[in-house]
Structure formats: C-alpha cells, structure tokens
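Single-structure report; data block below.
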Amino acid sequence: MTAPLTAPAGITRRDLFRGAAGLAVLASLAATSGCRRAPKEARSSLDRLPGGDPGALPAAAATLTARVLQAARSGPANLVLSPFSVQVALSMVRNGAVGATADEMDRVLGIDDLTVHNEELNSTCQLIESRSGEIEGQEVAVELANSLWGQQGLEFAEPFLDALAQYYGAGMALTDFAGDSAGAVDDINAWVDDRTHGLVPEIVTTDLVHAQTRLVLVNALYLKAPWAVPFDESATSDGPFTTGAGDQVQAPMMSGSTATWYEDEHCTATRRVYLGNDLAMAVAKPKGDIAALLAHWAEGGLTAMLDGWERAQVRLQMPRWEHEWRGGLAELLAEMGMATAFSDKADFSAMTAQERLLIGFVEHRATISVDESGTEAAAATAVGMEPTSAEPERSEDLVLDRDFAYVIHDVETGTPLFIGVVDDPTA
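Residue numbers for the sequence shown follow UniProt numbering, so the first one is 1 and each next one is one higher.
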C-alpha cells in the first residue's frame, strides 16, 4: 500500500508538494512510513523562479484554447474545459521530450523556444494567481498547482526535475506504481480533490494508472469569483432557450448589464467582470452555427475578440447553468499534430535514460457553476507516462436565448482559463 501523505506538525498538506521543501518533506514522509526514500536524482534543490513578463504566452494560450474546444466538441452538447490546465500539464511533459516528439509538441503548444515558453508560462501563472485575495470583504480565488508522481527506484534526469521545480513549482512524490497502483491512484486523487476544493474528487482511475505507469504529471486549477455587480435574483425568471439541437426549453434567465461590446461576422459578444476587475467572463452568441464560431476562434478569432472590446451599455440576459465534463484527450491531441508522443516512436529521454517512455493517457475533468452571485469552477489534467511498446457610445442588447460560447479569462493578459459551450442550461 502506498503510504498516506500526512503532514508533520507545522506543515500543511499543500506544503507537501511545493518546490524543494516539498520534496524534502515527501522524502522524510516516505522514510518514516516505510516507503523507500527518494533517490537523489529525483530531487531538485532549486526554488521556483519569480515571474516576469508573460510575453506572447497569452496569445498562444488563446489559440490552443479555441483549438481544443473545437476538437473536443463532437456535436450539440454542454461542454466545459480548461485548455490552460491542459497546456500547463503538457508543457511540463514537453520538458522531457526531444527530437520529433518535441517538435510536434512545440507546434501544438505554440512553442518557439522552450526556455522562453517556460519563463512566460511561469510568469502568466504567477500573475493569474496574484488575482486572488480579499476585495471589498469578499474572496476572489484563482489557484494553480502542479505535482509529479514518479515510480520509486527510477532515476529521473536532473535538468528535467530542475525545470519543473523552477518554472512550475512542482515537486515529485515517489510512489510504487508497480507494486501498488491503487494506492498511487488514491494519493493522486486526494491531492487533486484538495487543490480543487472538492470540485474534482477524482482525475485518475486504476484503468489509467497501473503497474506499467512510470510518471504522472498533474495540474489543478480552481476559480471562485463573485461578480463585480451581482445579478438581481428578483429579476431572474424563466424564459425560452433554444438548444443546439433546435429544441426549446424554459431556463432561468438572469438580467443585468455590462459596459463592453464586440461584434464581427460570426458573433455578438460582451463580457462581465468579476470583483476586482482582473477577471471576466466573455459570452458570445453566434450569428450562425456555433461550430462556425468555434472554427473562427481556432483561426485567431478568439484572440481578436478578447483584444477587441468596445465601450457600450449592454443589457444582458443569460441563463444560470452548472455543467461538468470529463474525458480523455489523447486521441484529440494526436489528431491535432502530436501523435508521436503517444506512439512507440516517442522520445522522452530527457525525462529518464532508464526506460523509453510514451504518453499513455491525458485525462481532463472540469466543472463550472454560474449564478447570480458569481462563478465557481475547477479543472484538473493528468498526463501518464508509460514505457514504449472610453465612454459608452451606443446601447446594445444581448439575449443569450440559444446555444452560446463563453470564456473566463484574465483581463490584462487575455489568457483564457475556462472555455465552454452552453447547449442546454437546463440539462
């Protein structure tokens, strides 16, 4: 049985997985609980680097966000994802890739230079996390966390561990996949459950993590933000909503206002800010089929929208909704252009020289709840490595009474955190 990771006095559970200090704690816990100590090669003495300029990362994140949403949507259905969580998890994996495997991952993730990408992603994550805090007596929370779970006895390359410690704040917990994969699953899920405040209680199963698993890299993202101006609950009433399949349902429609407007040949859109004005939700009503809008976003249209807001007084009607999505992304990512990473031709020798590894799974889970008071959302991504075989100028109305798309994003950088489609808010 994998030993439970209980914290000694003065150390919280969250401290267990932060940087070099977290690695030392994990090593001592492993020793005192009867597990083998972490080999020296599995530890980094480096702390996480301070953040700087996000650079071009937000634009690349927006493009990847739209491409993942487009690829994940197979037809009319509610959908919520955090491609940013996927990007962070895959970027950690990319630090162990070389050759054609690395080249394909670079094209999918929008990486020109890995070091620059690591620096910009680190800066973006720290900037987004800085949005958390108490504002006007209410809490805004944006929390990102990363962790590594490696097979004990397998030596991992020091530069790989150093990069993940410096740029991702990720420590490695050594576990025994070969001898107790079920215990490893419990530990990984407990970590994700903690980091998502219970919204994602499970990200991996024993079907995914097994005796052949060598490394699992995990990202967790949690957001809870009240609207800067809440919707008036007394103004909420049932109204007609046309689903993507063309059916009409009665949905609880909230009424409020915003001060921004965007319009192009594919959609009309507005955004509603959360308390502190650093985060916002953009909602877009397609002018035609929503698939055409998502295709436009995947070709740069999402970035154009997030950069193109105009001042306007907008009367907004939108439904309440609460959705969850879970699925594997391996096939989707392979089709997007990084198939080698999932094949026996994969080269992750920058992770470890002891075994040839490939990506065995990319599991993603996200949940969102939107109501009159604000939004709570969480997501987790797990990647498993296995051996190879101005003033308002006009007035507008936006009534979201049909299937629509939304993006929760950082206002300053335009980095999308969550994206989704509301096909039926009553489902």
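Even for Gly, the Cβ is constructed at its ideal location relative to N, Cα and C. Just so it is clear, the structure is predicted and the values come from calculations on it, not from any experiment.
Excluding the five sequence neighbours on either side, which residues of its own chain have a C-beta within less than 7 Å of the C-beta of T32, listed in chain order?
In this predicted model, T32 has a pLDDT of only 34, less than 50, meaning its place in the structure is not dependable; the value taken from the coordinates is given anyway. Correct list: empty, nothing qualifies.
Contiguous beta strand (DSSP E) assignments of at least 3 residues, all confined to the region 157-203
172-175
I'd like the span of the alpha helix (DSSP H) that includes F84, first residue to last.
83-94
I need the straight-line Cα distance from G99 to E355, nearest angstrom please.
16 Å
Under 8 Å between C-beta atoms of G110 and A71
no
Since A170 contacts W149 with CB under 8 Å, what's their CB separation in whole angstroms?
Rounded, the Cβ-Cβ distance is 10 Å, inconsistent with contact.
How is Q151 classed by DSSP in three states: helix, strand or coil?
strand
Given a threshold of 16 other Cβ atoms within 10 Å of its Cβ, counted over all protein chains shown, does K152 qualify as buried or as exposed?
Per the sequence shown, residue 152 should be read as Gln rather than Lys. Classification for Q152: buried.
Assigned secondary structure, A31 (DSSP; H/G/I helix, E/B strand, else coil):
Any reading at A31 must be qualified, since the residue scores a pLDDT of 39, below 50, and its modelled position is unreliable; the value itself is stated next. Looking at A31 - three-state DSSP - the assignment turns out to be helix.
So is A235 buried or exposed if we call it buried at 16+ other beta carbons inside 10 Å?
exposed
Of the choices S74, T205, V229, V86, whose alpha-carbon is the least far from that of Q138?
V229
Indicate whether the contact test is met: 3 or more Cβ pairs, each with one atom in the region 198-211 and one in the region 239-251, closer than 8 Å.
no
Validate contact between the region 360-371 and the region 320-339 using beta carbons, cut 8 Å, 3 pairs:
yes
Suppose you measure from the CA of N277 to the CA of L49; what does that come to, to the nearest Å?
27 Å
Coarse secondary structure for G110, derived from DSSP in three states:
coil
Taking all protein chains shown into account, do 16 or more other C-beta atoms lie within 10 angstroms of the C-beta of V108, making it buried, or fewer, making it exposed?
buried
Rounded distance between the beta-carbons of K224 and A141, thought under 8 Å
4 Å
Quick one: complete beta strand (DSSP E) runs, 3+ long, within the region 331-409?
357-370, 374-387, 395-399
Can you name, in chain order, every residue of its own chain whose Cβ lies under 6 Å from the Cβ of A66, other than the five neighbours on each side?
W297, A298, L302
Buried or exposed: K287, going by 16 or more other Cβ atoms within 10 Å of its Cβ?
exposed
Which whole runs of the beta strand (DSSP E) in the region 42-66 are 3 residues long or more, in chain order?
none
Determine the closest residue to M281 out of D180, D371, E134, with distance taken between C-alpha atoms.
D371
Would you mind reading off the limits of the alpha helix (DSSP H) that contains H266?
Unbroken run through H266: none, as it is neither H nor E.
Suppose you measure from the CA of V25 to the CA of A157; what does that come to, to the nearest Å?
The pLDDT assigned to V25 is 37, lower than 50, so where the model puts this residue is not dependable; a value taken from the coordinates is nonetheless given after this. Cα to Cα, the separation comes out at about 20 Å.
Determine the closest residue to D186 out of Y168, T206, A62, with distance taken between C-alpha atoms.
T206
With 16 other Cβ atoms within 10 Å as the buried cut-off, status of D289:
exposed
Three Cβ pairs or more, each shorter than 8 Å: is that satisfied between the region 378-385 and the region 121-140?
no
Assign G256 to one of three DSSP states: helix, strand, or coil.
strand
Within the continuous beta strand (DSSP E) that includes D238, where are the two ends?
237-242
A427 (DSSP reduced to helix, strand or coil):
coil
Return the CA-CA distance between W191 and D264, expressed in angstroms with no decimal places.
43 Å
Smallest Cα separation from L215: which of H197, V93, R326, G256?
V93
Option nearest A304 by Cα separation, candidates E143, C267, E155:
C267
What is the DSSP secondary structure of H296, counted as helix, strand or coil?
helix
For F404 and V283, which I take to be in contact (beta-carbon distance under 8 Å), what is that distance rounded to the nearest angstrom?
6 Å
Nearest-angstrom beta carbon gap, S91 and residue 456 [assumed within contact, 8 Å]:
Any question about residue 456 goes unanswered here, given that the chain covers just 1 to 427.
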